[in-house]
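These protein sequence lines are chains W and P, in that order. Heads up, the first sequence is in my numbering, so the first residue is 5 and it goes up one at a time. Heads up, the second sequence is in my numbering, so the first residue is 1396 and it goes up one at a time. Just so it is clear, CB atoms sit at the ideal spot from N, CA and C, and this is done for glycine as well. Everything numeric in this text was worked out from a predicted model, so none of it was measured. Worksheet: the structure to be examined is printed underneath.
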Amino acid sequence: MDLFSQTWQYLLDADNWTGAEGLVARLLEQLLLTATALAAAMLLGLPLALWLGHLGKGGFLAVNISNVGRAVPTFALLAILVAADWPGSADFGPYGRAGLATLIALVLFALPPLITNGYVGMREVPSDVQEAADGMGMSSVQRFRRVELPLALPVVASGVRLALVQVWATATIAALVAGPGLGRIITEGFARNDYAQGMAGAVVVAVVALVLELAAAAAQRAVDPMPSGPSSDRDDALSVPSTTVAEAPTGG
Amino acid sequence: MTILGAADSGPSCYSRFVNEWFCWQYVEDRHVQITDALVEHIAITLAALVLGIVIALPLALLARRLPRLESLVLGFSTGVYTIPSLALLPLLVPFTGLSAATVVIGLGLYALTILVRALLDGLRSVPDDVREAASGLGYGRARMLTRIEMPLALPVVMAGLRVAAVSTVALTTVGTLVAYGGLGDLISHGVQRDFRAELMTAAVLCVVLAVVLDVLLVLLQRVLTPWTAGTR
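Below, the structure is given as structure tokens:
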């Protein structure tokens, strides 16, 4: 396999890492895109989902939005946004070419896991705990902040983790429509029949994805108020829908 | 909308000057090309799903026997989910080249990870007393699996298969990186040439295909598991 040694050579060559089109610049561009989009999606989606879960309304929408997100190909949505007059493929600050179109697509694809898990997490708070909170004389807002939110946090955090993985994947695909990010290294490599470059880009994308996932998993464990013990049976009951259904890759 | 645009003599709705998003004239003129892409899309999707099922079934049965293998399988599947599709396909190119096999294997890998989990969850959802009753009736291991456990696991397994099918339809578009993306090739071409009708038609067809496949799987599940009809 000659291609492997060529890929290795490409990764060892410092020239490929530096410069405006280098791996480091692209990596920072994609990390910036990912962080911005995830923050925006959390600001938009989480308050809505948590409040709907608290009220127990809009469940059909909150649960089915994931299925819609999965059926729409990331690539198709990106293509439509780039081909449209607005936001189009213009430069957008530090986000580069087609930056705005990419950001919009990233936020849209981060919303389904955030909304679904936010809603489900709030609804899965045991009803006897809610009744106990009411019985202690807590107001609706107090119950939301001091009882339901802490108990829902592990499920919400796993939604954030899924959204992060999704945003990273979508940001990579942005390169198929000449957008910013590390995917450009891959698509340019394939366009020029320089498969070593394509492979090298893919290796970097995959390694960073795994690192992000591990970091997010560690952060998720850190925010879990009850890492083990009495909550474990509740988590088992949750894990049936959340492992097989929610963690499936969406259209990216 | 220029759905009836064929009648007048002006520029067609997909000419460079008009560039409508929805253009029936385009669909009529290029229906051969569109059908070819659609057929390729369906073929790649189905091949990936079949590949996923064929590998997932023995893997899930093995993992159920060996708990150590189960955590390995689950860890591996989380890892595969994490890798973006645009990065997974190049990593397969050294083995399979620029062929449809690259896309089928890549997407099969994603489908496989969903299906293994669904199979494990499904088999775990079979109540223990049912298993005990069956062994009391003299069912051996093989007959227990095919006659008792698989039918009872089907609802959970089918839910996983629906998720796998819908996301595979969407992911197939990324195969355009190695020029085997089905409708994704039309989208890619549409972006490069700023050809709105082409990319919108392909995008809509992708979503329609995903919905149709999902409905077919729901119907299949109704037929296979008639006893769940009332509870859904």
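- Contact check between the region 38-47 of chain W and the region 101-110 of chain W: three or more CB pairs, one atom from each, fall below 8 Å, which counts as touching.
- Sixteen is the threshold: since fewer than 16 other Cβ atoms of the shown chains lie within 10 Å of the Cβ of P/Thr1623, the residue is exposed.
- For a Cβ distance threshold of 9 Å, residue set Thr1473, Gly1474, Tyr1476, Thr1477 of chain P lies close to W/Glu217, ordered along the chain.
- Rounded to the nearest whole angstrom, the CA to CA distance from W/Ala114 to W/Leu36 is 15 Å.
- At least one CB atom of chain W sits nearer than 9 Å to the CB of P/Cys1601.
- Chain-ordered, the chain W residues with CB closer than 7 Å to the CB of P/Asp1589 read Ala87.
- Within its own chain, the residues whose Cβ lies closer than 6 Å to the Cβ of P/Ala1597, once the five positions on either side in sequence are excluded, are Leu1578, Leu1581, Ile1582, listed in chain order.
- DSSP, reduced to helix, strand and coil, places W/Asp17 outside both helices and strands of the structure shown, so it counts as coil.
- Look at the beta carbons and you see the region 134-143 of chain W not touching the region 65-73 of chain W: under three pairs across the two are nearer than 8 Å.
- Inclusion of W/Val76 and P/Ala1565 in the CB contact set at 9 Å is warranted, their separation being smaller than that value.
- Legend: CB atoms of the region 1523-1556 of chain P lying less than 7 Å from CB atoms of chain W belong to residues Ala1554, Gly1555.
- Look at P/Arg1588 here: in three-state DSSP terms it is coil, with no helix or strand label.
- With fewer than 16 other CB atoms across the displayed protein chains lying within 10 angstroms of its CB, W/Glu135 is exposed.
- W/Ile190 has a beta carbon lying within less than 9 Å of a beta carbon in chain P.
- Bounds of any alpha helix (DSSP H) do not take in P/Tyr1575, whose DSSP letter is neither H nor E.
- P/Gly1503 sits close to P/Leu1444, with the two beta carbons spaced by under 9 Å.
- Taking 4 residues as the minimum length, the alpha helix (DSSP H) runs contained wholly in the region 22-96 of chain W are 27-59, 63-75, 78-87, in order along the chain.
- W/Asp228: not part of any alpha helix (DSSP H); DSSP gives it neither H nor E.
- If you check the CB distance, W/Thr38 and W/Val171 come in under 9 Å.
- W/Arg101 has W/Asp95 as its beta-bridge partners, per DSSP.
- Contact between P/Glu1415 and P/Ala1592 holds, with the beta-carbon distance rounding to 6 Å and staying under 8 Å.
- Here P/Gln1587 is exposed, its C-beta having fewer than 16 other C-beta atoms within 10 Å.
- Taking CB atoms only, P/Leu1467 has no neighbour in chain W less than 9 Å away.
- A residue is called buried when at least 16 other Cβ atoms come within 10 angstroms of its Cβ; W/His58 meets this threshold and is buried.
- Spatial neighbours of W/Ala83 in its own chain (CB-CB distance under 7 Å, excluding positions within 5 residues in sequence) are listed in chain order as Val181.
- Against W/Trp172, the close residues of chain P are Pro1479, in the order they occur along the chain (beta-carbon pairs closer than 7 Å).
- Between P/Cys1601 and W/Ala29, the C-beta gap is not smaller than 9 Å, which leaves the two residues out of contact.
- Using a Cβ-Cβ distance cut-off of 8 Å, the region 200-209 of chain W and the region 1478-1491 of chain P are in contact, since at least three pairs of beta carbons, one from each stretch, lie closer than that value.
- Taking the beta carbon of W/Met46 as reference, no residue of chain P falls within 9 Å; the closest one sits roughly 19 Å away.
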